[in-house]
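Following: one structure in C-alpha coordinates, then a few remarks.
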Amino acid sequence: AEERYLASLASVFQQFRVPRHIQYLSLDVEGAEYLIMKDFPFDKYTIQLMTIERPSQELQDLLKSKGYIFLKYLASWGETLWAHPSTGLTPEHPKIEKIQPH
(Lines of atoms letter the chains of each structure in order from A and count residues from 1; the text may use other names and numbers.)
(Lines give C-alpha, C1' and ligand atoms only; values in the text may rest on other atoms or scores of the structure.)
Protein backbone atom coordinates (compact mmCIF):
# COMPACT_ATOMS: atom_id res chain seq x y z
CA ALA A 1 0.00 0.00 0.00
CA GLU A 2 1.15 3.47 -0.85
CA GLU A 3 1.47 5.82 2.11
CA ARG A 4 -0.01 9.29 1.62
CA TYR A 5 0.04 12.47 3.62
CA LEU A 6 -2.89 14.87 3.36
CA ALA A 7 -2.58 18.54 4.21
CA SER A 8 -4.74 21.59 3.77
CA LEU A 9 -3.47 24.48 1.69
CA ALA A 10 -3.53 26.61 4.84
CA SER A 11 -1.31 24.14 6.73
CA VAL A 12 1.14 24.01 3.83
CA PHE A 13 1.23 27.81 3.76
CA GLN A 14 1.83 27.91 7.50
CA GLN A 15 4.51 25.21 7.46
CA PHE A 16 6.45 26.93 4.69
CA ARG A 17 5.85 30.43 6.07
CA VAL A 18 4.14 31.73 2.96
CA PRO A 19 3.69 35.51 3.22
CA ARG A 20 0.18 36.69 4.08
CA HIS A 21 0.11 38.81 0.94
CA ILE A 22 0.33 36.62 -2.18
CA GLN A 23 0.67 38.22 -5.59
CA TYR A 24 -0.43 35.26 -7.70
CA LEU A 25 -1.84 31.76 -7.24
CA SER A 26 -2.56 29.25 -10.00
CA LEU A 27 -5.09 26.62 -8.97
CA ASP A 28 -5.51 23.57 -11.21
CA VAL A 29 -6.13 20.41 -9.22
CA GLU A 30 -8.31 18.36 -11.55
CA GLY A 31 -11.71 19.24 -10.15
CA ALA A 32 -10.78 19.50 -6.47
CA GLU A 33 -10.46 23.29 -6.48
CA TYR A 34 -13.49 23.87 -4.24
CA LEU A 35 -12.39 21.18 -1.78
CA ILE A 36 -9.04 22.90 -1.45
CA MET A 37 -10.41 26.43 -1.12
CA LYS A 38 -13.58 25.89 0.94
CA ASP A 39 -11.69 26.05 4.26
CA PHE A 40 -8.97 28.45 3.10
CA PRO A 41 -8.36 31.22 5.66
CA PHE A 42 -9.17 34.21 3.46
CA ASP A 43 -9.00 36.35 6.61
CA LYS A 44 -5.29 35.49 7.03
CA TYR A 45 -4.10 35.53 3.41
CA THR A 46 -4.75 37.96 0.58
CA ILE A 47 -4.26 36.62 -2.93
CA GLN A 48 -4.10 39.48 -5.43
CA LEU A 49 -4.61 37.45 -8.61
CA MET A 50 -5.70 33.86 -9.15
CA THR A 51 -6.11 31.71 -12.20
CA ILE A 52 -8.44 28.78 -11.69
CA GLU A 53 -9.22 26.11 -14.23
CA ARG A 54 -12.96 25.42 -14.58
CA PRO A 55 -14.09 26.64 -11.14
CA SER A 56 -17.33 25.05 -9.98
CA GLN A 57 -20.32 27.25 -9.21
CA GLU A 58 -19.67 26.55 -5.51
CA LEU A 59 -16.14 27.90 -5.82
CA GLN A 60 -17.27 30.92 -7.83
CA ASP A 61 -19.87 31.69 -5.15
CA LEU A 62 -17.24 31.29 -2.41
CA LEU A 63 -14.79 33.63 -4.14
CA LYS A 64 -17.49 36.24 -4.72
CA SER A 65 -18.56 35.99 -1.06
CA LYS A 66 -14.96 36.80 -0.11
CA GLY A 67 -14.98 39.85 -2.38
CA TYR A 68 -13.04 38.39 -5.31
CA ILE A 69 -13.91 39.68 -8.75
CA PHE A 70 -14.21 37.49 -11.84
CA LEU A 71 -12.18 39.24 -14.52
CA LYS A 72 -12.02 37.06 -17.60
CA TYR A 73 -11.95 33.65 -19.24
CA LEU A 74 -8.34 33.11 -20.31
CA ALA A 75 -8.72 29.97 -22.38
CA SER A 76 -11.34 27.99 -24.23
CA TRP A 77 -10.94 25.10 -21.75
CA GLY A 78 -12.22 27.25 -18.88
CA GLU A 79 -9.23 28.88 -17.22
CA THR A 80 -10.47 31.95 -15.35
CA LEU A 81 -8.83 35.04 -13.85
CA TRP A 82 -9.92 36.41 -10.46
CA ALA A 83 -8.75 39.50 -8.54
CA HIS A 84 -8.87 40.67 -4.96
CA PRO A 85 -10.70 44.01 -4.68
CA SER A 86 -7.54 45.68 -3.36
CA THR A 87 -6.05 45.43 -6.88
CA GLY A 88 -8.63 47.85 -8.26
CA LEU A 89 -9.04 45.60 -11.29
CA THR A 90 -12.40 45.06 -12.99
CA PRO A 91 -13.33 43.25 -16.21
CA GLU A 92 -13.41 46.67 -17.92
CA HIS A 93 -9.94 47.73 -16.75
CA PRO A 94 -7.71 48.52 -19.77
CA LYS A 95 -5.05 46.02 -18.64
CA ILE A 96 -7.66 43.25 -18.43
CA GLU A 97 -9.29 44.16 -21.74
CA LYS A 98 -5.89 43.77 -23.45
CA ILE A 99 -5.58 40.12 -22.38
CA GLN A 100 -6.45 37.89 -25.32
CA PRO A 101 -7.85 34.45 -24.48
CA HIS A 102 -6.11 31.49 -26.11
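Converting from the sequence shown to the numbering used here requires adding 2 to each position, the first position being numbered 1. Each residue gets a CB set at the ideal place from its N, CA and C atoms; glycine is no exception. Since the structure is predicted, the reported quantities are computational estimates derived from the model, not experimental observations.
| Item | Value |
| --- | --- |
| Start-to-end residues for the beta strand (DSSP E) that takes in LYS74 | 71-75 |
| Identity of the residue in PRO96, LYS97, TYR75, GLN59 nearest TYR36 by Cα | GLN59 |
| 4 or more residues per run - each alpha helix (DSSP H) lying fully within the region 27-74 | 35-39, 59-67 |
| Distance CB(ILE101)-CB(LEU91) smaller than 7 Å | no |
| Neighbourhood of MET52 by C-beta distance below 7 Å, restricted to the same chain and skipping five residues each side | LEU27, LEU29, TRP84 |
| Among TRP79, ARG19, GLU4, LYS66, the one whose alpha carbon lies nearest that of MET39 | LYS66 |
| Inter-residue spacing [alpha-carbon to alpha-carbon] between HIS104 and THR82 | 12 Å |
| Residue of SER13, ALA12, VAL14, GLN50 minimising C-alpha distance to GLN25 | GLN50 |
| Straight-line gap, HIS86 to TYR70 (C-alpha atoms, nearest Å) | 5 Å |
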